[in-house]
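Visitor:
In our numbering, the protein residues as written are 1 to 348.
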């Protein structure tokens with residue numbers, strides 16, 4: 001039987017300075033009943049406070065129930081990036097979210113890049129960071145740094161954060177088990193092709209190793225590096241690939257329920273920079289019409305969403321990674337917090 005502290009009939013007279021506060025009066029127990037809770041002067045209304053804070057938690061769980069049912073057993077590919085990669089609190093919250101998905105019966109896959117960390121390491125080594133058409137020019141020397149930072153720094157830290165909650169995460173790169181294959185990519189400036197070095201476009205996904213990890217209850221954490229599929233590659237071996245497009249290609253190959261892309265903005269704005277209104281949902285065709293008008297930083301993310309949905313993924317979402325637990329808020333609440341791309345009506 002639950003008990004509550006009795007409410008006093010009147011307010012006691014405040015004690016004089018230096019005097020000890022009077023002890024709370026004893027409340028006799030009724031015959032045949034448990035002893036009543038003794039009021040705690042330091043924490044008045046403790047039971048009521050617990051009830052007040054518990055009820056919203058229960059309502060939150062009930063709100064999540066249909067979404068838990070819908071997504072149970074489904075694969076979710078999450079592209080980890082933006083400010084969430086460099087803020088310790090956000091990294092910890094991200095790890096909690098991903099492990100929660102796993103315990104809730106979903107099959108999460110994490111794909112990450114590491115642009116800020118790569119640039120910082122290149123600076124330390126005295127190597128120049130150069131970008132053309134928004135893409136990093138990756139020399140063979142820079143490619144060595146990319147591999148070292150992504151697999152040896154960013155991935156290891158993320159796997160460690162996830163595994164604080166249990167032996168779940170397994171790190172790998174796209175070159176492991178030939179998971180991702182790419183061919184050389186060129187940028188186009190003023191209509192002319194520009195050599196980007198060791199930068200590639202994904203041409204093939206072998207999802208077998210990832211499926212095996214998911215079937216074993218693991219959380220794959222994949223660095224955006226791909227093996228070369230070029231026959232004339234002279235043994236160079238690997239390409240640096242954009243993490244947004246890598247995540248989209250993996251989501252399509254895995255038949256994922258959804259692709260989630262973490263960004264440093266609230267979502268896709270309706271009329272940026274003239275408005276900060278976020279588009280909550282749009283179709284693939286609507287997104288395709290908007291692509292030429294988007295800011296350069298959003299283009300690879302929204303192109304990835306478009307390719308994922310056109311490749312069979314049910315939804316693709318861009319969410320604000322600066323918000324703690326944004327993944328859970330987007331998946332398990334009615335409102336969501338970002339922009340969701342859905343297939344055109346005829347393809348649903």
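Note that the Cβ used here is the ideal one computed from N, Cα and C, for glycine as well.
All values reported here derive from a predicted model rather than from experimental measurement.
1. Hey, which unbroken runs of the alpha helix (DSSP H) at 4 residues or more fall wholly within the region 256-316?
2. Per the DSSP calculation, residue 118 is bridged to which residue(s)?
3. Given 8 Å as the limit, is there contact between the region 289-305 and the region 59-66, that is, 3 or more CB pairs closer than that?
4. Excluding sequence positions up to five away, which residues of its chain have a Cβ less than 6 Å from the Cβ of residue 94?
5. Taking 7 Å as the cut-off, decide whether the C-beta atoms of residue 221 and residue 159 are in contact.
6. With distance defined between alpha-carbon atoms, name the residue in 298, 314 and 346 nearest to residue 266.
7. Who are the Cβ neighbours of residue 352 in its own chain at under 7 Å, not counting the five residues just before and after it?
8. Spell out a yes or no on whether the region 160-167 and the region 228-243 are touching, meaning 3 or more CB-CB pairs, one atom from each, closer than 8 Å.
9. DSSP state of residue 196, grouped into three classes?
10. Strictly under 7 Å for the Cβ-Cβ distance: is residue 138 near chain D by that measure?
11. Nearest to residue 198 by alpha carbon, out of 205, 186 and 291?
12. Any idea which residues DSSP pairs residue 180 with across the strands?
13. Less than 7 Å between the C-beta atoms of residue 151 and residue 223, yes or no?
14. Is residue 71 helix, strand or coil when you go by DSSP?
15. What are the boundary residues of the beta strand (DSSP E) that residue 239 is part of?
16. Closest by CA to residue 228, which one among 135, 201 and 172?
17. So residue 143 is in the alpha helix (DSSP H); what residue range does that whole segment cover?
18. Secondary structure at residue 333, three-state DSSP: helix, strand or coil?
19. Can you give me the C-alpha to C-alpha distance between residue 54 and residue 46, rounded to a whole angstrom?
20. For residue 296, which residues from the same chain have a beta carbon less than 6 Å from its beta carbon, with the 5 sequence-adjacent residues on both sides left out?
21. How long is the line joining the alpha carbons of residue 262 and residue 216, rounded to whole angstroms?
22. At which residues does the beta strand (DSSP E) containing residue 98 begin and terminate?
23. Anyone know if the C-beta pair for residue 79 and residue 247 falls short of 7 Å?
24. Can you tell me the Cα-Cα spacing of residue 230 and residue 145, whole angstroms?
25. Here's a check: name, in chain order, each residue in its chain whose Cβ is nearer than 8 Å to the Cβ of residue 23, leaving out the five neighbours to either side.
26. Express the C-alpha separation of residue 88 and residue 376 in angstroms, rounding to a whole number.
27. Among the candidates 81, 91, 92 and 104, whose CA atom is the shortest distance from the CA of residue 72?
Guide: A quick look at the data gives this:
1. 284-290 and 299-310
2. DSSP, once it has assigned bridges, lists no residue as partnering residue 118.
3. Fewer than three beta-carbon pairs drawn from the region 289-305 and the region 59-66 are found closer than 8 Å, and the two stretches are therefore not classed as touching.
4. 84
5. Going by C-beta atoms, residue 221 is nearer than 7 Å to residue 159.
6. 298
7. There is no way to answer for residue 352, as the model of the chain reaches only from 1 to 348.
8. no
9. strand
10. Of the chains in the structure shown, none is chain D; there is only one protein chain.
11. The option with the nearest alpha carbon to residue 198 is 186.
12. 205
13. The answer is yes: Cβ separation under 7 Å.
14. helix
15. That run of the beta strand (DSSP E) goes 238-240.
16. 201
17. 140-149
18. coil
19. Their Cα atoms are separated by approximately 12 Å.
20. 134
21. 26 Å
22. Careful: residue 98 lies outside any beta strand (DSSP E), inside the alpha helix (DSSP H) at 88-103.
23. Yes; because the gap between Cβ atoms is below 7 Å, this pair is in contact.
24. 22 Å
25. With a pLDDT of only 46 at residue 23, under 50, the local geometry of the prediction cannot be trusted, and the value read off the model is given with reservation. Taken in chain order, the list of residues that qualify is empty.
26. This structure does not reach residue 376, given that the chain is present from 1 up to 348, and the question cannot be answered.
27. When only C-alpha atoms are compared, the closest one is 104.
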